[in-house]
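Okay, structure first, notes after.
Residue numbers (the numbering used here): 3 to 198.
Given below as C-alpha cells:
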C-alpha cells in the first residue's frame with residue numbers, strides 16, 4: 003500500500019535517515035537514470051534522485067528531454083556526449099561497477115563537458131550552469147545533495163516564482179500570472195479552447 007506522506011497512518015514510523023535501498027530497474031525511465039544505475043549499481047540513495055532532478059531542470063529549460071536515450075547504452079552515449087567521458091579520476095570506483103566492463107569500452111571518447119554549449123541559445127546564467135553541473139555530476143558522492151540544491155542561488159534569480167495565491171487568483175480571472183504573459187480567456191464558465 004502507498005499513502006501520501008500527509009495521510010500516513012499514525013502508527014507508521016519512518017526512518018530519519020533512510021538507508022540506500024536495492025534498485026529495481028523498471029522504476030526509473032532511462033532518460034532520468036543516474037550513471038551509477040546504468041553501470042549496474044545495486045544500491046542507491048538520494049544522489050540518484052538528484053541526478054533525475056538535474057535532468058528535469060534541463061528538460062524544463064530546453065523544452066525537450068535533455069538526454070532522451072531509448073536504451074541504456076544509448077543513454078550512456080548521450081550522457082558522455084553532454085558531460086564528457088567519465089573516468090576513475092573524476093569518479094573513483096566507477097570501473098568496479100558490475101556493468102562497466104561490458105558498457106564502458108563502448109563509450110565515446112569525449113574529453114569535454116558540453117553543458118554550456120547545449121544551453122548556449124538560452125543564454126543561461128553562470129548560476130544556471132552551476133546548478134546543472136552540480137546535479138549532473140558523475141560521482142554520486144560529489145553530486146549536490148538535496149539541501150544544497152534547494153538552497154542554490156538559481157532559485158533566487160529573476161524572474162522570481164509567482165506565489166501560489168497569485169497564480170490561483172490569476173487563473174480564476176483568466177488573467178496572466180505575470181504582466182506580459184498571454185492570459186487564458188473564460189467564456190460561460192469554461193476555458194476557451196479547452197477540451198469538453
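Heads up, the beta-carbon is just placed ideally off N, CA and C, and yes, glycines get one too.
| Residue range of the alpha helix (DSSP H) that includes residue 132 | Membership of residue 132 in the alpha helix (DSSP H) is indicated by the continuous run 128-137.
| field | For residue 140, three-class secondary structure by DSSP | value | coil
| Using the beta-carbon count (16 or more within 10 Å), is residue 160 buried or exposed? | exposed
| task | Use the C-beta contact count for residue 62: other C-beta atoms within 10 angstroms, 16 or more gives buried, fewer gives exposed. | result | exposed
| field | Closest by C-alpha distance to residue 131, when choosing among 141, 119, 87, 140 | value | Its Cα nearest to that of residue 131, the residue 119 stands out among 141, 119, 87, 140.
| field | residue 120 - containing alpha helix (DSSP H), residue span | value | 117-120
| So, are the CB atoms of residue 71 and residue 80 less than 8 Å apart? | Yes. Within cutoff.
| When burial is assigned at 16 or more other CB atoms within 10 Å of the CB, is residue 125 buried or exposed? | exposed
| query | In whole angstroms, what is the alpha-carbon distance linking residue 137 and residue 53? | reply | 5 Å
| Residue span of the alpha helix (DSSP H) that contains residue 53, given as start and end | Run containing residue 53: 48-64, per the alpha helix (DSSP H) assignment.
| field | Where the alpha helix (DSSP H) through residue 104 begins and ends | value | 102-105
| request: Please go through the same chain and pick out, in chain order, the residues whose beta-carbon is closer than 7 Å to the beta-carbon of residue 77, but skip the five residues on each side of it. | output: 32, 33, 35, 40, 69, 71
| query | In chain order, what residues of the same chain lie with their CB nearer than 7 Å to the CB of residue 146, ignoring the 5 residues before and after it? | reply | 52, 136, 137
| Around the Cβ of residue 110, are there at least 16 other Cβ atoms within 10 angstroms (buried) or fewer (exposed)? | exposed
| message | Using the three-state DSSP reduction, which class does residue 99 fall into: helix, strand or coil? | response | In the structure shown, residue 99 sits in coil (DSSP, three-state: anything other than H, G, I, E or B).
| Once you ignore the five residues that flank residue 42 on each side, which residues in its own chain have a CB closer than 6 Å to its CB? | 99, 100, 101
| said: Please state whether the Cβ-Cβ distance between residue 49 and residue 87 is less than 8 Å. | reply: no
| field | Exposed unless 16 or more other CB atoms sit within 10 angstroms - verdict on residue 56 | value | buried
| Same chain, Cβ closer than 6 Å to residue 142, neighbours up to 5 away in sequence not counted | 38, 49
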